[in-house]
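A short worksheet on the structure shown next.
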Amino acid sequence: SFAWVSAAYTLTCTAILPLSGRLVDIFGKRDILVGALCFFALDSVVCATAKMMNILIAGRAIQGVGSGGIQSLVAIIVADLVTLQERGLYIALTRAACSIATAAGPFIAGAFAENVAWR
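In my numbering, the protein residues as written are 1014 to 1132.
See below:
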(Lines of atoms letter the chains of each structure in order from A and count residues from 1; the text may use other names and numbers.)
(Lines give C-alpha, C1' and ligand atoms only; values in the text may rest on other atoms or scores of the structure.)
Protein backbone atom coordinates (compact mmCIF):
# COMPACT_ATOMS: atom_id res chain seq x y z
CA SER A 1 0.00 0.00 0.00
CA PHE A 2 3.00 2.32 0.28
CA ALA A 3 3.29 2.27 -3.51
CA TRP A 4 -0.21 3.75 -3.72
CA VAL A 5 0.92 6.85 -1.82
CA SER A 6 3.11 7.82 -4.76
CA ALA A 7 0.95 6.26 -7.47
CA ALA A 8 -2.24 8.06 -6.39
CA TYR A 9 -0.45 11.41 -6.58
CA THR A 10 1.14 10.67 -9.96
CA LEU A 11 -2.07 9.34 -11.52
CA THR A 12 -4.23 12.30 -10.54
CA CYS A 13 -1.50 14.82 -11.34
CA THR A 14 -1.13 13.36 -14.82
CA ALA A 15 -4.89 13.10 -15.35
CA ILE A 16 -5.56 16.76 -14.52
CA LEU A 17 -2.82 18.20 -16.76
CA PRO A 18 -4.82 18.13 -20.03
CA LEU A 19 -7.95 19.42 -18.29
CA SER A 20 -6.22 22.41 -16.71
CA GLY A 21 -5.87 24.33 -19.95
CA ARG A 22 -9.57 23.98 -20.71
CA LEU A 23 -10.49 25.01 -17.16
CA VAL A 24 -8.33 28.13 -17.60
CA ASP A 25 -10.29 28.99 -20.75
CA ILE A 26 -13.55 28.70 -18.81
CA PHE A 27 -12.68 30.18 -15.40
CA GLY A 28 -9.48 32.18 -15.93
CA LYS A 29 -5.90 31.75 -14.76
CA ARG A 30 -6.23 33.33 -11.36
CA ASP A 31 -9.19 31.25 -10.18
CA ILE A 32 -7.69 27.95 -11.33
CA LEU A 33 -4.26 28.74 -9.86
CA VAL A 34 -5.75 29.77 -6.50
CA GLY A 35 -7.93 26.65 -6.51
CA ALA A 36 -4.98 24.40 -7.33
CA LEU A 37 -2.85 26.00 -4.62
CA CYS A 38 -5.67 25.55 -2.09
CA PHE A 39 -6.11 21.88 -3.08
CA PHE A 40 -2.39 21.30 -2.68
CA ALA A 41 -2.05 23.17 0.62
CA LEU A 42 -5.12 21.72 2.30
CA ASP A 43 -4.27 18.20 1.27
CA SER A 44 -0.72 18.67 2.49
CA VAL A 45 -2.27 19.18 5.92
CA VAL A 46 -4.49 16.11 5.42
CA CYS A 47 -1.44 14.03 4.48
CA ALA A 48 0.63 15.35 7.37
CA THR A 49 -2.06 14.53 9.92
CA ALA A 50 -3.28 11.23 8.43
CA LYS A 51 -3.36 8.42 10.95
CA MET A 52 -4.55 5.76 8.51
CA MET A 53 -3.02 4.68 5.21
CA ASN A 54 -6.31 5.10 3.31
CA ILE A 55 -6.55 8.75 4.39
CA LEU A 56 -2.94 9.33 3.32
CA ILE A 57 -3.56 7.77 -0.09
CA ALA A 58 -6.75 9.80 -0.62
CA GLY A 59 -4.95 12.97 0.48
CA ARG A 60 -2.11 12.31 -1.93
CA ALA A 61 -4.60 11.70 -4.76
CA ILE A 62 -6.31 15.03 -4.16
CA GLN A 63 -2.93 16.69 -3.68
CA GLY A 64 -2.01 15.42 -7.15
CA VAL A 65 -4.99 17.30 -8.61
CA GLY A 66 -3.62 20.52 -7.11
CA SER A 67 -0.10 19.78 -8.28
CA GLY A 68 -1.21 19.09 -11.85
CA GLY A 69 -3.09 22.36 -11.90
CA ILE A 70 -0.11 24.25 -10.53
CA GLN A 71 2.28 22.70 -13.06
CA SER A 72 0.16 23.51 -16.08
CA LEU A 73 -0.71 27.01 -14.83
CA VAL A 74 2.96 27.83 -14.28
CA ALA A 75 3.69 26.89 -17.88
CA ILE A 76 0.71 28.91 -19.14
CA ILE A 77 1.67 31.98 -17.11
CA VAL A 78 5.33 31.76 -18.15
CA ALA A 79 4.22 31.54 -21.78
CA ASP A 80 2.16 34.70 -21.30
CA LEU A 81 4.93 36.65 -19.58
CA VAL A 82 8.03 35.98 -21.67
CA THR A 83 8.85 36.12 -25.35
CA LEU A 84 8.81 33.03 -27.52
CA GLN A 85 12.62 33.06 -27.65
CA GLU A 86 12.89 33.07 -23.82
CA ARG A 87 10.06 30.64 -23.17
CA GLY A 88 12.17 27.47 -23.30
CA LEU A 89 14.66 28.81 -20.77
CA TYR A 90 12.02 29.89 -18.27
CA ILE A 91 9.99 26.71 -18.60
CA ALA A 92 13.21 24.73 -18.08
CA LEU A 93 14.03 26.78 -14.97
CA THR A 94 10.59 26.19 -13.45
CA ARG A 95 10.76 22.46 -14.24
CA ALA A 96 14.27 22.29 -12.74
CA ALA A 97 13.03 23.94 -9.54
CA CYS A 98 10.21 21.39 -9.30
CA SER A 99 12.59 18.51 -9.96
CA ILE A 100 15.04 19.67 -7.31
CA ALA A 101 12.21 20.06 -4.79
CA THR A 102 10.86 16.61 -5.64
CA ALA A 103 14.30 15.05 -5.23
CA ALA A 104 15.11 16.91 -2.00
CA GLY A 105 11.70 16.39 -0.37
CA PRO A 106 12.22 12.81 0.84
CA PHE A 107 15.60 13.67 2.34
CA ILE A 108 14.20 16.68 4.17
CA ALA A 109 11.20 14.65 5.36
CA GLY A 110 13.52 11.88 6.54
CA ALA A 111 15.61 14.37 8.50
CA PHE A 112 12.46 15.74 10.14
CA ALA A 113 11.19 12.26 10.94
CA GLU A 114 14.49 11.34 12.57
CA ASN A 115 15.03 14.54 14.54
CA VAL A 116 11.67 16.18 15.23
CA ALA A 117 8.87 14.73 17.34
CA TRP A 118 5.64 15.88 15.74
CA ARG A 119 3.17 13.23 16.95
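Glycine is no exception: its CB is placed at the ideal position from the N, C-alpha and C atoms.
These figures come from a predicted structure and were not determined experimentally.
Express the C-alpha separation of R1035 and F1053 in angstroms, rounding to a whole number. Take the alpha-carbon of F1053 and the one of R1035: they are about 20 Å apart.
Please classify S1057: does DSSP put it in a helix, a strand, or coil? In this structure, S1057 counts as helix in the three-state DSSP scheme.
Please go through the same chain and pick out, in chain order, the residues whose beta-carbon is closer than 6 Å to the beta-carbon of E1127, but skip the five residues on each side of it. Short of 6 Å from the beta carbon of E1127, and not among the five residues preceding or following it, lies no beta carbon of its own chain.
Since T1023 is in the alpha helix (DSSP H), which residue starts that stretch and which ends it? Run containing T1023: F1015 to F1040, per the alpha helix (DSSP H) assignment.
Minimum C-alpha distance to R1043 - residue among Y1103, F1125 and L1086: For the residues Y1103, F1125 and L1086, the minimum Cα distance to R1043 belongs to L1086.
Note down the Cα distance separating T1115 from L1024, rounded to an integer number of angstroms. Rounded to whole angstroms, T1115 and L1024 show a C-alpha spacing of 16 Å.
Could you pull the start and end residues of the alpha helix (DSSP H) that A1088 belongs to? M1066 to L1094 is the span of the alpha helix (DSSP H), which, as asked, contains A1088.
DSSP three-state call for V1047: helix, strand or coil? Helix at V1047.
Between the CA atoms of T1062 and A1028 - distance to the nearest angstrom: CA-to-CA, the gap between A1028 and T1062 works out to about 25 Å.
Enclosing alpha helix (DSSP H) for A1126 [first to last residue]: Element bounds for A1126: L1097 to N1128.
Mind checking whether G1081 and C1026 have CB atoms under 8 Å apart? It is a contact, given that the beta carbons lie within the stated cut-off.
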